[in-house]
Structures are given as structure tokens and as C-alpha cells.
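Using UniProt numbering, you'd call the opening residue of the sequence shown number 1 and step up by one each time. Glycine included, each C-beta is placed from N, C-alpha and C at the ideal position. Note that the coordinates shown come from a computational prediction; the quantities given were computed from them, not determined experimentally. What follows is a set of notes on a single structure, which appears directly below.
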Amino acid sequence: MLWITRWFSRIVWWLAVTLVVLVALYVSLGRFLLPHLSDYREELAQTLTEYFSAEVSIGQLAGSWQGFNPALVATDVVVKSPQAPQKNALSAKQIILSFDTLGSILAGSLVFEQLEVNGANVQLQEYSAKQWRLRGFQDTRTGESDFSLISKLILQQNRLHLLDSTVLFEPLQGTTQALSDVQLTFENTRQGIHVTGSVRDSHADQPSGQISIAAKISQWGKTWKKTILSAMLDVEGIHLTPWFAMFLPESVQMNVEQLNGKLWITWNGQQLNAHSKLDLTEVKGRWADYQLPVIQHFKINNSQLQWSSSQQWQWRAKDLALAVNNQPLLTLPYISADSQLTEVTRLKPPTTQRDVAQLTATTQSSQPDSVNRSNQTLTKTPQITLALSEIDLAALKNITLSTQWLPKEAHQLLSTLNPVGKLRQVWLDWQPANTSAFVASARLDQVGVDAWENAPSGSGISGYTLITPAQGVILLNTKRFSLGMENLFRRTWYYDQAAGRLEWRIFDNQYELYTHDVALSGDDGHFKGQFRLQFPFDDRPAQMALTVGVTDGDAQYTGQYLPARGGISEELVTWLDQSIKRADIESGAFVYNGSLDPEDLDSASNFGLFFKISQGTLQYDPAWPVANGLKALVHVSSDHLNVEVEEGGYTPIVKLMVCR
Numbered sequence: 001m002l003w004i005t006r007w008f009s010r011i012v013w014w015l016a017v018t019l020v021v022l023v024a025l026y027v028s029l030g031r032f033l034l035p036h037l038s039d040y041r042e043e044l045a046q047t048l049t050e051y052f053s054a055e056v057s058i059g060q061l062a063g064s065w066q067g068f069n070p071a072l073v074a075t076d077v078v079v080k081s082p083q084a085p086q087k088n089a090l091s092a093k094q095i096i097l098s099f100d101t102l103g104s105i106l107a108g109s110l111v112f113e114q115l116e117v118n119g120a121n122v123q124l125q126e127y128s129a130k131q132w133r134l135r136g137f138q139d140t141r142t143g144e145s146d147f148s149l150i151s152k153l154i155l156q157q158n159r160l161h162l163l164d165s166t167v168l169f170e171p172l173q174g175t176t177q178a179l180s181d182v183q184l185t186f187e188n189t190r191q192g193i194h195v196t197g198s199v200r201d202s203h204a205d206q207p208s209g210q211i212s213i214a215a216k217i218s219q220w221g222k223t224w225k226k227t228i229l230s231a232m233l234d235v236e237g238i239h240l241t242p243w244f245a246m247f248l249p250e251s252v253q254m255n256v257e258q259l260n261g262k263l264w265i266t267w268n269g270q271q272l273n274a275h276s277k278l279d280l281t282e283v284k285g286r287w288a289d290y291q292l293p294v295i296q297h298f299k300i301n302n303s304q305l306q307w308s309s310s311q312q313w314q315w316r317a318k319d320l321a322l323a324v325n326n327q328p329l330l331t332l333p334y335i336s337a338d339s340q341l342t343e344v345t346r347l348k349p350p351t352t353q354r355d356v357a358q359l360t361a362t363t364q365s366s367q368p369d370s371v372n373r374s375n376q377t378l379t380k381t382p383q384i385t386l387a388l389s390e391i392d393l394a395a396l397k398n399i400t401l402s403t404q405w406l407p408k409e410a411h412q413l414l415s416t417l418n419p420v421g422k423l424r425q426v427w428l429d430w431q432p433a434n435t436s437a438f439v440a441s442a443r444l445d446q447v448g449v450d451a452w453e454n455a456p457s458g459s460g461i462s463g464y465t466l467i468t469p470a471q472g473v474i475l476l477n478t479k480r481f482s483l484g485m486e487n488l489f490r491r492t493w494y495y496d497q498a499a500g501r502l503e504w505r506i507f508d509n510q511y512e513l514y515t516h517d518v519a520l521s522g523d524d525g526h527f528k529g530q531f532r533l534q535f536p537f538d539d540r541p542a543q544m545a546l547t548v549g550v551t552d553g554d555a556q557y558t559g560q561y562l563p564a565r566g567g568i569s570e571e572l573v574t575w576l577d578q579s580i581k582r583a584d585i586e587s588g589a590f591v592y593n594g595s596l597d598p599e600d601l602d603s604a605s606n607f608g609l610f611f612k613i614s615q616g617t618l619q620y621d622p623a624w625p626v627a628n629g630l631k632a633l634v635h636v637s638s639d640h641l642n643v644e645v646e647e648g649g650y651t652p653i654v655k656l657m658v659c660r
């Protein structure tokens, strides 16, 4: 066994000596030949010319030795365009190639310890619609994707530097665009590939903008699903209009005057996390035959996006501001949206106040399994949940109308309703595949709408609402509330406070708004009542059934509850306005049942006004003395007036003459 050990030791010794001798010869030969490398400059240029099928010239060629690695330095390198030899396709002031000897041996291909290009000028040319290549060169792509080719090149190198360079883009139509002052570094380490760089966007008539990037690629795979990376992008004052013209399809036209923003992203092959700040000014565009609205300003101070390969995503944004078509600025303090694949579910609308409370608690819960999942199928469909902290209805209306995107009827309806006020804590659960499957809720803050046809106007509406496509509920709790039906009543009804539960539904080809208990209070008294408004979708007239009780009222306001626009004689309306000087209403009631269209007001309409008064002052006729201290029961209907007086007196008559 001893001789085997000695034999093995001698082999190792001779191998080591041989390796040292070979390394010494390699270094000595390299140190001897590299100083004479300039003698081969023309031969190298000719070899490259034959390889690229384009004229290549090298101003100077020198070599040096760095440790065990040889380094080449080429200056004034120019590659001419094959189709236009008088023009350059690629040039560089200096190229430094530092070879990695050991890495090349292990990889079986050429590996650079450092590849540095200074002062490069790259000319890219559009040879067909949205297709680019190096000026004058033919497209010689193989079946391998560009992503795979680039990844192989980068993974084999240790360091790549592109410094003080320029990239020119020459489109088929339009002016040439340039990215100048390009600074880009790739560094391949055991922890991954580190990328840092910056570039300037140069325009003759625009201030130059800058893009900076810093990225770490922990794992680079053949596809994005096998790649892990994190990156930061900083954009300052970039003019995007010419770049969109070069790279977007012809059916899309976009003009962006200036873009500022920051973007932080992480990607693990399955999930994308992005955090951004964005500021856009003067955005115009056209998509096919649709003219996009003009955005004077769009800003998001804080945006977060999570997206997974399973097509589920979450988006959050704070301090969003939008100015469109010269309309007032629309601000959204907070907005969020979520999408996930769920089983198709028929959403059951709430029918009682208990249902509303249960649905509200369920949607705010983090346990989606608690939602009613009856009538499910196995089909998966996206379900989007949208939340807004608040939105101004007037600003939203102005922006929506300015886009001219709505159908003519919807545009006219929105313009006529003219909504104002704010919606707060807005929540929407929506299935895009099923337009009849959504639930929405919001808190109303001084919301108001104008009258539309025979529908009433309203203002100062505050409370909580929850709706589905077929029905909804409004829990009214507001101050300074008004309700107007000016085609039926002469005056708008104003109240200091209003509270109650209003519900609406769509059935039997009509829209119905109703309440069984609503309380109102104002200068004219305290009211409790119920009503039902029906607005058919066909030619039938709108109908209203209204029953209201009043206490502690003031009779001077009774005239505003008379359907004076029709269904009651003008003489009776005039008499009530002029004859009732004052009275306290102890109790009373107002009843109306009939059409809201003045042209349909006839004897079929049922109207009645009943009230018990005290301390009343009445002048039945201008020629009669005034009656004081009246305590009476007053009944007014569409065709008669009846006053039953319990007690009272007349103003003393100073002079009384009896004529015979």
C-alpha cells in the first residue's frame, strides 16, 4: 500500500508543477504578445467586417494584463450601415474587454470579467410598423426568443458597463428621438444580478427628463414565471408623446406632456407587489374612433398593487386628484379595488333593516365564507370590490358629461338631475360577467338632485344607502332637507330635520319609491307619514300615494301642501292664501292619491287636507269682519271647503248701519 501512496503523490506533484508551468507560459506569452496587439488592428477589423457583413473600423487597439486576465482596449470603433455605408449603425469612443480566463474555461465560451463601453452611439431604425433593428441590418432572428438570448449574454458576464452613451430611434414617419447620457451597469454576483442606471430624454423644444433605475435580479429564468426580482424606477419630467407615437398601435394615439413618478416593484414568479407615485399633465388621446377625455392633471400620491398569477389582484391608492376637460378638480382621499375568482352567486338584496345590518357587517368582515352563497354554480368568475373614502358628485357629474361617452338619454338624464353633495365610505361588490350581480353602499352627505319630468327634486339628503340592481334602501337622517314637486305643488317643502327609512324597487315594469314611516320637522310643524311614488317605464303616468299627519303646526304654511297646479280650483287656492291670517294646528293630516302629471289631474285624484286649529284668525271675505280666537276643524278637498267652528269671535264693529 505504501508504493500506491507514493505513486499517487508523485502524480499530484507533477500535475501541480505542470499547471504552474502552463500558467507561467500563459502569462509570459500574454505579456509578450499584448503589447504587439496594435499590429493586428486591421486584421481584426477585417474579420469583424466579414462577420457582420458591414464595414468595421478600429481607431486604436491596445492590450494589457490584469492579474491572470488579459484586457483589450479598442478606441474609435465604428460599424457602418450595410445598406447605407455613409451612415454609422453603431459607434463607440472606447471599448474595454477584460477576459475572465477561468470563467471562460469553466463556461466553455467567452466570458468577460468586465465589459465597458464608453461613448456609444446606437442607431435603431424602424423597418416596418413598430418593428425595430440596428440601422441597415437585416432581421436575423432564430427561433430562440430575444429574452433568452439577452439572459444568456448577461448571465455569462461578470460586469457590463454602458457609459455616456446615446441611443437614437429613427421612425418610418416623424422625427428622430434620442435617449442621451445613458449610464447602465450590470453586475453579476452570487446574490444575483444588480442593475443600476440612468438615461435622459432629449427633445429640441422640451426640457430634458431623466429616468433612473436600480434593480436586483435574484433569479433569472427562461421565463418571467421563473424570475425573481426587485426594482426601483424614478421618472422626472419625461415627455412621452413622441415615444407613444413610435411604439403604440396606429389605432391608439396618446399625448402626454409630462410624466413624473416613482415605482417600486418586487416579483417572485407568482406575485407582483408594486408601490408607486404618479403625476401626469396634459394627457390627450384617441382609441380607434373614441376621443379620450383631456386630462389636465392626474396625480396619485400613494398607490399599491398586488397581483398574482391566479388573476387575483388588490389595489390601494391615496390622495388621487383628477382634472378632466377643464372641469374642477376631482379628489379622492382613498380608493381601493380587489378582484378574485369566485363561484357565480345570485346576490340576495336586503328586504329588512336587519338584512341591511347583517350585510353591512358581512362586507366589513374578513371572513367571506359568511356571505349567503345560495344558488351557486361551479363556474368561476371575477368578482371586483371597489371602495372609496369619498367622492364629490358635482365634480364627477361634470367630468362624466364632459367626456360625451354616455348614451344620449343617459347624458340628458344626468344633466337634468344635476346631482350635488358627497358620497362617503362608498363600497361596491360587482361581478363583471353578470351585470345584474352587484351590491353597493354609501353614506350620503348633503346629496341633492333636481326634478326630472314628474319625479321630485330633493336636497340636503344625508344618511346611509344600500342598493342592488333591483332594489335598495335609504336610511334617512338629515338636516336642512327639502322635497319639491313643482309640477303639482307651488312651493318646495323645507324641513329642519328628516329621518326615516326609504326603500325602492323595480318590478312590474316600473320604479317604485316608498316609505312606511318618515318623520319631518320644520317651521310649519312636526310631520309623520308614509308615501309611495310609482314611475312606470311605459306611457302610464307617474302616481303618488301620500298620507301625512301633522302636530304643532302653523296654518300659514298650509297653502304649500295644496296641489294648486291642478285638481283644485284657483278660487279655493286664492281664498286659503288670503283668508287664513294665522292659526296654530294642534293636529291634522294631508292625503293625496293620484297622478303627478298635471295634465292627468282630474276627479280620479283623491286629495284631502284636514287640520284642527286653535287661536285662528280668519277673514272669510274682505267685506266681512275678521274672526279671532277661532277653534275649528278645517276640511279642504279638491272640490269643497268646510270649516266647523267650535268657538271664536269677531273684531268689534265700530259703526254699524242697518238699511231697510
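For Met246, the uninterrupted alpha helix (DSSP H) run begins and ends at Thr241 to Phe247, by DSSP.
By the Cβ test, the stretch 280-293 is not in contact with the stretch 378-394, since fewer than three Cβ pairs between them sit closer than 8 angstroms. Excluding sequence positions up to five before and after His275, its CB lies within less than 6 angstroms of the CB of Trp264 and Gln304, all in the same chain and listed in chain order. Per DSSP, Trp287 lies in no alpha helix (DSSP H) segment; the continuous beta strand (DSSP E) that holds it begins and ends at Gln271 to Trp287. Gln86 counts as exposed, since fewer than 16 other beta carbons sit within 10 angstroms of its beta carbon. Here Trp132 carries a strand assignment [DSSP, helix/strand/coil]. Gly458 counts as buried, since at least 16 other C-beta atoms from the protein chains shown sit within 10 angstroms of its C-beta. Non-local C-beta neighbours of Asn260 in its own chain, meaning closer than 7 angstroms and more than five positions away in sequence, comprise Val235, Glu236, Gly237 and Asp279, ordered along the chain. Residue pairing by DSSP places Lys262 opposite Asp234 and Lys277 in a beta bridge. Annotated three-state conformation of Trp224 is helix, per DSSP. In this structure Asn418 is not in contact with Val447, their Cβ atoms being roughly 12 angstroms apart against a cut-off of 8 angstroms.
Nearest to Phe112 by alpha-carbon distance, out of Lys93, Val78, Ala92 and Leu72, is Leu72.
With 16 or more other CB atoms across the displayed protein chains lying within 10 angstroms of its CB, Leu332 is buried.
Around the C-beta of Ala442, 16 or more other C-beta atoms lie within 10 Å, and the residue is accordingly described as buried. Of the residues assessed, Leu172 falls on the exposed side of the cut-off, its CB having fewer than 16 other CB atoms within 10 angstroms. Rounded to the nearest whole angstrom, the C-alpha separation of Phe489 and Pro563 is 5 angstroms.
Note on geometry: alpha-carbon atoms of Phe537 and Val626 lie some 51 angstroms from one another. Per DSSP, Lys581 is one residue of the beta strand (DSSP E) stretching across Ile580 to Ser595. Unbroken beta strand (DSSP E) stretches of 3 residues or longer found wholly inside the stretch 529-580: 543-554, given in chain order.
Secondary structure at Arg480: strand, using DSSP grouped into helix, strand and coil. The continuous alpha helix (DSSP H) containing His411 extends over residues Lys408 to Leu417. Going by DSSP, Phe186 is part of the beta strand (DSSP E) stretching over Gln177 to Thr189. Ser218 is not a Cβ neighbour of Gln271, given a cutoff of 9 angstroms. Taking a C-beta distance under 9 angstroms as the contact criterion, Gly221 and Gly174 do not qualify as a contact pair. Tyr650 sits exposed, since fewer than 16 C-beta atoms from the chains shown fall within 10 Å of its C-beta. Per the coordinates, the alpha-carbon of Gly500 lies some 33 angstroms from the alpha-carbon of Asn642.
Judged by their CB atoms, Leu184 and Thr176 are not nearer to each other than the 9 angstroms cut-off.
Between the beta-carbon of Thr385 and that of Leu428 there is about 7 angstroms, and that keeps the pair under the 8 angstroms contact cut. Between Phe527 and Gly549, the beta carbon gap of about 7 angstroms places them in contact (Cβ cut-off 8 angstroms). Exclusion of the five residues before and after Glu503 leaves Gln471, Gly472, Val473, Ile474, Leu513, Tyr514 and Thr515 as the residues of its chain whose Cβ lies within less than 8 angstroms of its Cβ.
The DSSP-derived three-state label of Asn255 is strand. With distances taken between CA atoms, Pro382 lies nearest to Asn434 out of Arg424, Pro249 and Asn434. Gly458 is bridged by DSSP to Val449 and Leu483. The continuous stretches of alpha helix (DSSP H) do not include Lys87, and DSSP gives it neither H nor E.
The C-beta distance from Ser38 to Ala62 rounds to 6 angstroms, short enough to fall under 8 angstroms. In the same chain as Thr617, and ignoring 5 residues on each side of it, the C-beta atoms closer than 6 angstroms to its own belong to Lys581, Arg582 and Asn628, in chain order.
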